[in-house]
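So in our numbering, the last spot in the sequence shown is 227, and the numbers never skip.
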Amino acid sequence: MTIFELKLFAVLFMVIDHIAMYFGNMPPLRTAAHFMRMIGRLSFPLFLFCMAQGYRHTRSRKRYLLRLYLMSLVMTGIMYCAGDSYGNHNIFLTMFWVGVLISLIELLQSDFRKGCIACCLFAAAQSAVIQLDGLLFPTLNGDITCGLLLNPHHCEYGLPYVILGVLMYFLWERRSEFCAMYIVFTLLEFCNVDVQFLIIFALPLMLRYNGERGRSMKWFFYLFYPAHTLLLYWLSTILAG
């Protein structure tokens, strides 16, 4: 299975999830909404896996990170304009942080001195972000300020999923360790008494990855994410009255 095919599965699961999110309280979907949200749990791990593989093979990591960051700003602007009822939709920022941490770790591995300097600068920047958050944007919620100030602690799905993406990158070549890591992560999610543990069912799809990219359609996936959430949000507001 190629990256393109995995992304199509991720898109399918995501759309099912977001339909339930926006229309789940309406009579036609009320009974099916919870099941649809459960199916949707498979989406983000697949996107995260595809991002980790894409980051491994991209010709320019700087451009890759820049695209993710710019799209995260687009989503931050949409969330600010649409309001709380739109929800928190910014997986681009989570993926951006996965890429940043991967680069920091690899810099430590290749040049320990430069890596230490970069990590110290990173820690100092994050300390400043935490201090500035409440001062500059006291009335905005964390979902918006994390997009403006690049705070990984409040990005969508949180820091644990940033770490999951990093582990996906470094452990993929060692399949048994990759599977063990993913199963342990799923068990931790199960302990949280949340349907998020259903991400375990994304693992068989990841293991079918054949190392090929498949069709590109890069910008389709970048643009489909904000487009479909805005469309569903707009339709839900109309139907709600």
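Positions of the beta carbon are idealized from the N, C-alpha and C atoms, including for glycine.
Backbone CA spacing between residue i and residue j [nearest angstrom]
{"i": "L217", "j": "Q95", "result": "44 Å"}
{"i": "F(-1)", "j": "R99", "result": "43 Å"}
{"i": "G73", "j": "R47", "result": "29 Å"}
{"i": "R49", "j": "T172", "result": "32 Å"}
{"i": "L221", "j": "G101", "result": "48 Å"}
{"i": "Y211", "j": "I103", "result": "36 Å"}
{"i": "M203", "j": "V60", "result": "20 Å"}
{"i": "L51", "j": "V86", "result": "8 Å"}
{"i": "I64", "j": "R53", "result": "17 Å"}
{"i": "T223", "j": "N178", "result": "32 Å"}
Reduced DSSP category for residue i - H, G, I as helix; E, B as strand; rest coil
{"i": "E198", "result": "coil"}
{"i": "H75", "result": "coil"}
{"i": "T131", "result": "Note on T131: pLDDT 49, under 50, position unreliable in the model; no value is reported."}
{"i": "S89", "result": "helix"}
{"i": "W158", "result": "coil"}
{"i": "R45", "result": "coil"}
From the options, residue whose alpha carbon lies closest to that of residue i
{"i": "L184", "options": "I169, L93, E92 and Y50", "result": "I169"}
{"i": "F(-10)", "options": "T223, A213 and R201", "result": "R201"}
{"i": "R23", "options": "H214, V181, N196 and T215", "result": "V181"}
{"i": "I159", "options": "C177, L15, L145 and R42", "result": "It should be noted that the sequence gives Glu, not Ile, for residue 159. Out of C177, L15, L145 and R42, R42 has the C-alpha closest to the C-alpha of E159."}
Any 3 or more C-beta pairs closer than 8 Å across the stretch 182 to 195 and the stretch 27 to 36: yes
Cβ pair count under 8 Å reaching 3, the stretch 14 to 31 against the stretch 219 to 227: no
contact_flag[the stretch 199 to 215, the stretch -4 to 13] where n(CB pairs < 8 Å) is 3 or more: yes
contact_flag[the stretch 38 to 56, the stretch 145 to 155] where n(CB pairs < 8 Å) is 3 or more: Counting C-beta pairs closer than 8 Å gives three or more between the stretch 38 to 56 and the stretch 145 to 155, which meets the contact rule.
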